[in-house]
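Chains A and B, in that order, are what the protein sequence lines are.
Start counting at 1 in the first sequence, then tack on 1259, and there's your number in the numbering used here.
Start counting at 1 in the second sequence, then tack on 105, and there's your number in the numbering used here.
Heads up, the beta-carbon is just placed ideally off N, CA and C, and yes, glycines get one too.
A quick note: this is a predicted structure, and the numbers were derived from the prediction, not measured.
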Amino acid sequence: DTAVSQTPKYLVTQMGNDKSIKCEQNLGHDTMYWYKQDSKKFLKIMFSYNNKELIINETVPNRFSPKSPDKAHLNLHINSLELGDSAVYFCASSRVKETQYFGPGTRLLVL
Amino acid sequence: LAKTTQPISMDSYEGQEVNITCSHNNIATNDYITWYQQFPSQGPRFIIQGYKTKVTNEVASLFIPADRKSSTLSLPRVSLSDTAVYYCLVGDWENTDKLIFGTGTRLQVFP
């Protein structure tokens, strides 16, 4: 069984659209994260969430919002998509203060 | 913020030992040093983590000098399947919004 899964694997959409990426972990972890990896392969954290607290990287536009329906899921919603949002988005999870396990990534292309 | 600097790329041959060094001059007292491996089209995968001195597991060793301003990931007897990008991550897991991945080192192993 996949520990951290993401859907969809690929997402191609037009500028201005709203889209969501789903993430699920079956590791029983209490903290989940979203990362963005751009074309230069820089990996930057966007959010971390542990049921009690959402920590947001201050550089993330407010068009991005994480939503957690339950402890095993942290979905990423993106409003009014822009060309610069094209990247690979990784979900990860961990126990508090422990190392992170990453999902396979979602490749987003905004046209 | 503890920024990291790594060589952009390294080449090696099968069976050799590979050492990848990461500089983190501004590392804070509470920061841990973690290394991840990333294959194309996959999420980063945890390799090893340490705070000071030396840590060894079944995959790699991590050497951290007393001043902790750098760290060296050592991969013994690499194989072709070790060809990947290796990221150094320095951060305090209690402040996940401050976690910063390095630029990554692209290791190419030749037969």
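Classification of B/Leu180 by the beta-carbon crowding that lies within 10 angstroms, buried from 16 upward: As a working mapping, residue 180 of chain B is identified with position 75 in the second sequence. So B/Leu180 counts as buried.
Of the residues B/Val190, B/Phe151 and B/Gln143, the one placed nearest A/Glu1247, counting alpha carbons only: Nothing about residue 1247 of chain A can be read from this structure; chain A reaches only from 1260 to 1370.
Cβ-Cβ distance between A/His1296 and A/Ala1262 below 8 Å: Locating residue 1296 of chain A in the first sequence gives position 37, counting from the first residue. Locating residue 1262 of chain A in the first sequence gives position 3, counting from the first residue. Per the sequence shown, the amino acid found at residue 1296 of chain A is Gln instead of His. Cβ distance not < 8 Å, so A/Gln1296 and A/Ala1262 don't count as in contact.
is_contact[B/Pro112, chain A] using C-beta, thresh 8 Å: Taking the second sequence and counting its residues from 1, one reaches residue 112 of chain B at position 7. No, its Cβ sits nowhere closer than 8 Å to a Cβ of chain A.
Beta-carbon proximity list for B/Gly120, same chain, < 7 Å, skipping 5 on both sides: Stepping through the second sequence from its first residue, residue 120 of chain B is reached at position 15. Arg182, listed in sequence order.
Burial state of A/Asn1349, where buried means 16 or more other Cβ atoms lie within 10 Å: Taking the first sequence and counting its residues from 1, one reaches residue 1349 of chain A at position 90. Asn is not the amino acid found at residue 1349 of chain A; the sequence shown has Phe there. A/Phe1349 comes out buried.
Strand pairing of B/Met115, partner residues [DSSP]: Within the second sequence, residue 115 of chain B is the residue found at index 10, counting from 1. DSSP output for B/Met115 lists B/Leu212 as bridge partner(s).
Within 8 Å, strictly: CB atoms of A/Thr1318 and A/Ser1307: Stepping through the first sequence from its first residue, residue 1318 of chain A is reached at position 59. Stepping through the first sequence from its first residue, residue 1307 of chain A is reached at position 48. In this structure, A/Ser1307 does not lie closer than 8 Å to A/Thr1318 by Cβ.
Run of the beta strand (DSSP E) containing A/Ala1351, from where it starts to where it stops: In the first sequence, the residue the question calls residue 1351 of chain A occupies position 92. Segment Ala1346 to Ser1353, the beta strand (DSSP E) holding A/Ala1351.
Start and end residues, beta strand (DSSP E) containing A/His1332: Sequence index remark: in the first sequence, residue 1332 of chain A carries index 73 (1-based). Run containing A/His1332: none; DSSP gives neither H nor E here.
Rounded separation between B/Leu185 and B/Leu212 - CA only: The residue labelled residue 185 of chain B in the question sits at position 80 within the second sequence. The residue labelled residue 212 of chain B in the question sits at position 107 within the second sequence. Rounded to whole angstroms, B/Leu185 to B/Leu212 spans 10 Å at the Cα level.
Euclidean distance between Cα positions of A/Lys1278 and A/Gly1343: Taking the first residue of the first sequence as 1, we reach residue 1278 of chain A at position 19. Taking the first residue of the first sequence as 1, we reach residue 1343 of chain A at position 84. The alpha-carbon atoms of A/Lys1278 and A/Gly1343 are separated by roughly 15 Å.
Span separating the alpha-carbon of B/Pro170 from that of B/Gln111: Within the second sequence, numbered from 1, the residue matching residue 170 of chain B stands at position 65. Within the second sequence, numbered from 1, the residue matching residue 111 of chain B stands at position 6. Their backbone Cα atoms lie some 16 Å apart in a straight line.
Interfacial residues, the segment 154-173 of chain B to chain A, with Cβ spacing under 9 Å: Gln154
In chain order, each beta strand (DSSP E) run of at least 3 residues that lies wholly inside the segment 1301-1328 of chain A: 1302-1308, 1313-1315 and 1323-1326
Simplified DSSP assignment, three categories, for B/Leu185: Taking the first residue of the second sequence as position 1, residue 185 of chain B is located at position 80. It is helical.
Any chain B beta carbon closer than 8 Å to A/Tyr1269: Within the first sequence, residue 1269 of chain A is the residue found at index 10, counting from 1. It does not: the Cβ of A/Tyr1269 has no partner Cβ on chain B nearer than 8 Å.
Run of the beta strand (DSSP E) containing A/Met1291, from where it starts to where it stops: In the first sequence, residue 1291 of chain A corresponds to position 32, counting from 1. Element bounds for A/Met1291: Thr1290 to Gln1296.
Cutoff 8 Å: B/Tyr192 Cβ touching any chain A Cβ: The residue you call residue 192 of chain B lines up with position 87 of the second sequence. Interface residue, yes.
C-alpha gap between A/Ile1315 and A/Val1369, whole angstroms: Mapped onto the first sequence, residue 1315 of chain A falls at position 56. Mapped onto the first sequence, residue 1369 of chain A falls at position 110. For A/Ile1315 and A/Val1369, the distance between alpha carbons rounds to 23 Å.
Terminal residues of the beta strand (DSSP E) in which B/Arg150 lies: Taking the second sequence and counting its residues from 1, the one referred to as residue 150 of chain B is at position 45. Per DSSP, B/Arg150 belongs to the beta strand (DSSP E) from Arg150 to Gly155.
Beta carbon proximity, A/Phe1349 to chain B, threshold 8 Å: Looking up residue 1349 of chain A in the first sequence gives position 90. So yes, A/Phe1349 belongs to the interface.
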